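For the record, in the sequence shown the residue sitting at position 140 is 127 according to the working numbering, with numbers rising by one throughout.
The beta-carbon is built from N, C-alpha and C at its ideal position, and this holds for glycine as well.
Quantities reported herein were computed from a predicted structural model and do not represent experimental measurements.
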Amino acid sequence: MHDVVVVGAGPAGSRYARQAASRGLDVVVFEQGEIGKPLACSGHVSTDIWDFTEDARDELFQNEISGARFHTGGPGSQDHPFYKDEVISNVIDRVGLDKHLAGLARDAGADVHEGHSVVGVTEDRDGVTVEVRGDDGVETHRAKMVAGCDGPKSRVRRELDLPEPDELLHGVLGFSDEVDHGAFVDVHLTVPRFFAWRIPRGEAGVEYGLAVPPGDDARGRFEEFVDGYGVETDRRCSGLIPIGPPKRVTGRRSFLVGDAAAQTKPFTGGGIRYGMTAADHAAREIDPGDPATLGEYERAWRDDLRQEIRLGHAVRAGYSAPEPIQKAGMKAFEGEIGVHMDRPTTLFSREQLAALFSRS
């Protein structure tokens, strides 16, 4: 009988496993393939990422970003720069991040298995039963609780009939071999209800991507986008981006963390920091022997992230404003900013107000 079976060894799953194991819990983690692969997420993150790692900057770092150029049109269109005089974010080796975090979980005492697919999850009064297919066939594991950290199409969520995210966008990524140490990302508000992007990754090349609502032609729009830049991309990948957490991310003896719980930024789709923040709350609040503590987790992570997610929805609504309004708004606010890329609430910070008044 384990304390917790963790399904998924992405950032949220590995972070939870590390923190829970550090507290003396018996934690086993199952990842269906090789950790970090296939890549389905951008490596553009806030500098807060280094608070969740140990001595990993030299290993994972690719480029420094200090601003973004926003466009209402495609490549070559007029841009509106927003920037700081300091580093805002970093571009990192995204596959390497997953491997590093899983290594920290192992070091803390978690038993981490790759190549193991969860094929069944059931809850009962005393715990959970998790069926896992590995090289030796199907194994059955018992635990007091199960943590679903298995992404937008969570098997745990589906098996236990937990509520779905509000929305699943379809994202596409591609990479070119261009060496680009530029300090600006490019954001194009040219796709319905979201955006396309270009991220310089230093010696690692350039990342191009976009996300669209269900039913739209993501691949066709991506081809048009990179053609506008006149580049060829390889190592393409795609995946779903969950937006809007459901009203409940816990069951009788289960809880969801990260993309499985749609703990993401509505205005970018990124979920690395939000997911690991929620993982920390889960490790602190949940006692696997006491299902009543699941409610403490629900309250803690929502109290921490609720306002950021709500304001994130408001920011995203601006992507669908008529183009003249978009242009007028960007022209009014372009220039130096005081906003943190993971925290929309900093739109009302002293630093942001000072930046606005300095342009008056």
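Coil, strand or helix - residue i by DSSP
{"i": "Pro331", "result": "helix"}
{"i": "Met132", "result": "strand"}
{"i": "Pro62", "result": "coil"}
{"i": "Glu126", "result": "strand"}
{"i": "Ile79", "result": "strand"}
{"i": "Glu219", "result": "coil"}
{"i": "Val166", "result": "coil"}
{"i": "Arg145", "result": "helix"}
{"i": "Phe181", "result": "coil"}
{"i": "Glu46", "result": "helix"}
{"i": "Asp214", "result": "helix"}
{"i": "Ile296", "result": "helix"}
{"i": "Asp203", "result": "coil"}
{"i": "Leu155", "result": "strand"}
{"i": "His87", "result": "helix"}
{"i": "Ile312", "result": "helix"}
{"i": "Asp72", "result": "coil"}
Short Cβ contact (8 Å threshold) for residue i with residue j
{"i": "Ala97", "j": "Arg5", "result": "yes"}
{"i": "Leu12", "j": "Leu47", "result": "no"}
{"i": "Ala183", "j": "Phe212", "result": "yes"}
{"i": "Ser29", "j": "Ile186", "result": "yes"}
{"i": "Cys224", "j": "Ala27", "result": "yes"}
{"i": "Ile228", "j": "Leu156", "result": "yes"}
{"i": "Arg260", "j": "Ile22", "result": "no"}
{"i": "Val108", "j": "Val143", "result": "yes"}
{"i": "Glu151", "j": "Pro233", "result": "yes"}
{"i": "Gly325", "j": "Gln339", "result": "yes"}
{"i": "Ser104", "j": "Arg120", "result": "yes"}
{"i": "Glu51", "j": "Ala170", "result": "yes"}
{"i": "Val218", "j": "Glu165", "result": "yes"}
{"i": "Ala95", "j": "Val16", "result": "no"}
{"i": "Pro179", "j": "Arg240", "result": "no"}
{"i": "Tyr306", "j": "Phe209", "result": "no"}
{"i": "Ile273", "j": "Thr264", "result": "no"}
{"i": "Gly196", "j": "Pro62", "result": "no"}
{"i": "Val(-7)", "j": "Val14", "result": "yes"}
{"i": "Thr40", "j": "His87", "result": "yes"}
{"i": "Thr251", "j": "Glu285", "result": "no"}
{"i": "Gln49", "j": "Arg188", "result": "yes"}
Residue i, buried or exposed, once every other Cβ within 10 Å from all chains shown has been counted against 16
{"i": "Gly276", "result": "exposed"}
{"i": "Ala(-1)", "result": "buried"}
{"i": "Lys318", "result": "exposed"}
{"i": "His168", "result": "exposed"}
{"i": "Asp221", "result": "exposed"}
{"i": "Ile312", "result": "exposed"}
{"i": "Ala341", "result": "exposed"}
{"i": "Lys131", "result": "buried"}
{"i": "Pro201", "result": "exposed"}
{"i": "Asp80", "result": "buried"}
{"i": "Glu194", "result": "buried"}
{"i": "Pro139", "result": "buried"}
Minimum Cβ-Cβ distance from residue i to chain D less than 8 Å
{"i": "Asp274", "result": "In the displayed structure, chain D is absent; only one protein chain is listed."}
Proximity test, residue i beta-carbon vs the ligand GDP heavy atom, cut-off 7 Å
{"i": "Val(-8)", "result": "As for the ligand GDP, it is missing from this structure, which has no ligand bound."}
Legend entry - the segment 64 to 80 in contact with the segment 41 to 55 per 3-pair CB rule at 8 Å: yes
Inset, instruction - Would you mind listing the alpha helix (DSSP H) stretches within the segment 227 to 278 that are 4+ residues and don't spill past its ends, in chain order? - result: 259 to 272
Legend entry - At least three beta-carbon pairs within less than 8 Å, the segment 280 to 290 to the segment 325 to 334: no
Inset, instruction - Assess, as a yes-or-no matter, whether the segment 57 to 70 is touched by the segment 87 to 101 under the definition of 3 or more beta carbon pairs within less than 8 Å. - result: no
Legend entry - the segment 234 to 245 / the segment 120 to 137 touching (three or more Cβ pairs under 8 Å): yes
Legend entry - Every unbroken beta strand (DSSP E) within the segment 5 to 44, with a cutoff of 3 residues, ordered by chain: 14 to 17 and 31 to 33
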